[in-house]
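Take 1000 as the starting number for the sequence shown in my numbering and just add one per residue. The beta-carbon is built from N, C-alpha and C at its ideal position, and this holds for glycine as well. Working notes for the structure below.
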Amino acid sequence: MRAVIQRVTQASVTVNEEIISEIGSGLLVLLGIESEDTEEDIIWLSKKVANLRVFNDEEGVMNQSLLQVNGDAIVVSQFTLHAATKKGNRPSYIKAARPDIAIPVYEKFVERLELDLDKKVGTGVFGADMKVALLNDGPVTIQIDTKNKE
């Protein structure tokens, strides 16, 4: 699994000119899924997102997690995070999981993050033409790959 995590002061997902998810302060998680992703990847990444210390404490130091600040989250599936660009100019998405595999993994990740945060998590619509709006706070943007835990 690959995630691009952005600290936001607000974010929303719109489909067919209708806002389907909207948050204030929190994290927007763009999530790319591979066929090889497992329950272990879901659990590890969910805990990482919930506990990632990217919010400022009283002294202005990024030292608090989404859990600690009681922030919100939106998770948007984004297969393009697995784009291979080594050869030619047209990205290949061969590593991205097909919908029959990706949808259940995406749904399990959202469920797990809801458990870890003890609150509802906003989502996009898998496979839809989504408009994602955000106001990046900081800006703070973190990349995480469960196959390359750094």
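Are residue i and residue j touching if we call contact CB-CB under 8 Å?
i       : j       : result
Gly1070 : Leu1030 : no
Lys1094 : Ala1083 : yes
Asp1036 : Val1104 : yes
Thr1122 : Ser1020 : yes
Under 8 Å, Cβ to Cβ, is there at least one residue of chain D near residue i?
i       : result
Gln1067 : You won't find chain D in this structure, because it holds only one protein chain.
Locate the alpha helix (DSSP H) running through residue i, then write down its first and last residues.
i       : result
Arg1111 : 1098 to 1116
Lys1047 : 1038 to 1050
Any heavy atom of the ligand PLP within a distance shorter than 7 Å of the CB on residue i?
i       : result
Ile1018 : Absence of the ligand PLP from the depicted structure is noted, as is the absence of any ligand whatsoever, leaving it without description.
Do you know whose CA, among the options, lies nearest residue i's CA?
i       : options                            : result
Pro1052 : Leu1134, Trp1043, Leu1065          : The residue you asked about is not Pro; residue 1052 is Arg in the sequence shown. Among Leu1134, Trp1043, Leu1065, the Cα nearest to that of Arg1052 is on Leu1065.
Asp1128 : Arg1001, Val1012, Thr1145          : Val1012
Ile1042 : Gly1126, Gln1142, Leu1116          : Leu1116
Ser1091 : Pro1098, Asp1099, Leu1080          : Leu1080
Asp1144 : Ile1018, Glu1033, Arg1097          : Glu1033
Arg1097 : Ile1018, Gly1087, Phe1078, Gly1059 : Phe1078
Val1068 : Val1074, Gly1087, Lys1118, Asp1099 : Lys1118
Val1120 : Lys1146, Gln1005, Val1028          : Val1028
How is the beta strand (DSSP E) around residue i delimited, first residue to last?
i       : result
Ser1076 : 1071 to 1076
Ala1010 : 1001 to 1014
Ile1022 : 1017 to 1022
In this structure, what does DSSP give as the bridge partners for residue i?
i       : result
Ala1083 : Ser1091
Glu1057 : None; Glu1057 has no bridge partner.
Val1131 : Val1012
Leu1027 : Gln1005, Ile1073
Would you mind giving the Cβ-Cβ distance between residue i and residue j, rounded to the nearest angstrom? I have them listed as a contact below 8 Å.
i       : j       : result
Ala1049 : Leu1112 : 7 Å
Val1007 : Leu1114 : The Cβ separation is near 22 Å, so there is no contact.
Phe1125 : Ser1076 : 5 Å
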